[in-house]
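To start, the structure under review is shown below, and the notes come after it.
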Amino acid sequence: MRRFLIAGNWKMNCGPKDTSTLLQGIGNKMETMPEDVDGLVCPPTISLTTASVELQDIEGIALGAQNVHYEDNGSYTGEVSTQMLNEVNCEYVIVGHSERRQYFGETDKTVEAKVNKALQDDLKPVVCVGESLEQRKDNEHMLRVRKQVEAALVSVDKDQAEDVVIAYEPIWAIGTGESATPDQAQEMHKMIRDVLSDLFSEDKADEMRILYGGSMKPHNAEELLAQPDVDGGLIGGASLKADSFTEIIEIADELS
Ligand code: PEP
473 MRRFLIAGNW
483 KMNCGPKDTS
493 TLLQGIGNKM
503 ETMPEDVDGL
513 VCPPTISLTT
523 ASVELQDIEG
533 IALGAQNVHY
543 EDNGSYTGEV
553 STQMLNEVNC
563 EYVIVGHSER
573 RQYFGETDKT
583 VEAKVNKALQ
593 DDLKPVVCVG
603 ESLEQRKDNE
613 HMLRVRKQVE
623 AALVSVDKDQ
633 AEDVVIAYEP
643 IWAIGTGESA
653 TPDQAQEMHK
663 MIRDVLSDLF
673 SEDKADEMRI
683 LYGGSMKPHN
693 AEELLAQPDV
703 DGGLIGGASL
713 KADSFTEIIE
723 IADELS
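Sequential numbering of the sequence shown, starting at 473, is according to my numbering.
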C-alpha cells in the first residue's frame, strides 16, 4: 500500500533564518504528522543543517536536498556530495528538476548518474520528469516523459526500485498557477507506472510513488491526489507557507 508523500521544493528561497521560521510555523500547525502521510522539505543547501536541527522536533517530516553530485568529492566547485547530505541527515534528494535541466545543463545522462549515486549512498532520489508546452501541443508528451523515466532508471537495480520516487512535473504548470487537470495527471501517471512495471515488475511498480508537481495548491490538491496513480505532490510555491503546506498534508490525510 503506497503512502502519500507531500514534498516541498523550496528552490532558492529561505536561508537558515527563514528556514527556522518556516519549519517552526509548520511544526506549530502540525503537532503530529498524520499517520498515513509522509512529509518532506527540500530547502537550499545552505539551510540543510538548520532544517535538520528544526526537524528533530517535527515527527514525520523528512529532509531532502535539491541537487547532488555523482562523484564522491573533488574539484567540482559549488557542488555537494551524497556523503555531505548524509551528514546533515538528508533522506531524499531531488534529481533532474526541469529548472536544473533548463538552467544548469542537467541531462538524462547526469540524471541517471545522480540517481545511481544517490541510491548507492542511501538517499532516495525524487526524479523529476515532464514535458514542455510545445511537446504537449505536438502530442509528444507521453513519449518524452517515457524516455526521461527510462533514461533515469535504466541502470537501477530492481531491489532498490522502491526507494525511487518519480515526480511528474509538466514544465508549463510549474510556477504558472495553471496545473494539469486531474485527467491529464492520471493519464501520465498511469503511463509512468506501466514503464516502471516494464523496467522492474508489476509488484515493484505498485510500491513506487509517483508525485504530481506543477501549481499544486490547497484548492486543487484534493482532485489531483484523488487520482489512483497520484501518490503525493512535489510542491513549490505553496510549500513556502506553513498554512498551505500543512493544508495539503491534511487533504492527503483525509484521502488516505
Ligand atoms: C516545483 O518547482 O517543483 C513546483 C512544482 O513548483 P510550483 O508548485 O510552484 O508550481
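Built from N, CA and C at the ideal position, the CB exists for glycine as well.
(request) Starting from Ala534, trace the beta strand (DSSP E) both ways and give me its first and last residue. (result) Ile533 to Ala537
(message) Given this structure, state the Cα-to-Cα distance separating Val525 from Gln538, to the nearest angstrom.
(response) 18 Å
(request) Could you have a look at Asp529 and say whether DSSP puts it in helix, strand or coil? (result) coil
(request) Rounded to whole angstroms, what's the CA-CA distance from Leu605 to Pro642? Just pull it up for me. (result) 8 Å
(request) Measure the CB-CB distance between Ile721 and Val509 and report whether it falls below 7 Å. (result) Going by C-beta atoms, Ile721 is nearer than 7 Å to Val509.
(request) Kindly indicate which three-state DSSP category Leu477 falls into: helix, strand or coil? (result) strand
(message) Less than 7 Å between the beta carbons of Glu578 and Ala534, yes or no?
(response) no
(request) Would you identify the three-state DSSP class for Pro597, choosing helix, strand or coil? (result) strand
(message) Judging by CA-CA distance, which residue of Ala724, Ala710, Ser728 and Glu726 is the nearest neighbour of Asn485?
(response) Ala710
(request) Kindly examine the ligand PEP and report whether one of its heavy atoms sits closer than 6 Å to the Cβ of Gly532. (result) no
(message) Closer than 6 Å to a non-hydrogen atom of the ligand PEP - does that hold for the CB of Leu706?
(response) Of the heavy atoms belonging to the ligand PEP, at least one sits nearer than 6 Å to the Cβ of Leu706.
(request) Provide the residue span of the alpha helix (DSSP H) that contains Val587, from first to last. (result) Asp580 to Gln592
(message) Whole angstroms are fine: how far does the CA of Gln555 sit from the CA of Gly649?
(response) 36 Å
(message) Do Arg665 and Leu477 count as a contact pair if the criterion is CB distance below 7 Å?
(response) no
(request) Reducing DSSP to helix, strand and coil, say where Gly499 ends up. (result) helix
(message) Can you tell me whether Tyr548 is helix, strand or coil according to DSSP?
(response) Coil, per DSSP.
(request) In angstroms with no decimal places, state the Cα-to-Cα distance between Ser728 and Arg475. (result) 8 Å
(message) Rounded to the nearest angstrom, what separates Ser519 and Glu584 at their Cα positions?
(response) Distance between the alpha carbons of Ser519 and Glu584: 26 Å.
(request) Give every residue of the same chain whose Cβ lies closer than 7 Å to the Cβ of Asp701, excluding the five residues on either side of it in the sequence, and list them in chain order. (result) Gln658, His661, Lys662, Arg665 and Ile682
(message) Determine whether the beta carbon atoms of Ser627 and Ser651 lie at a separation below 7 Å.
(response) no
(request) Determine the DSSP secondary structure at Gly685, reduced to helix, strand or coil. (result) strand
(request) Consider the C-beta atom of Asn481 and the heavy atoms of the ligand PEP; say whether any pair is separated by less than 6 Å. (result) yes
(request) Return the first residue and the last residue of the beta strand (DSSP E) that Asp510 is part of. (result) Val509 to Cys514
(request) Give me the Cβ distance between Leu512 and Gly480, rounded to the nearest whole Å; I'm assuming they're in contact under 8 Å. (result) 7 Å
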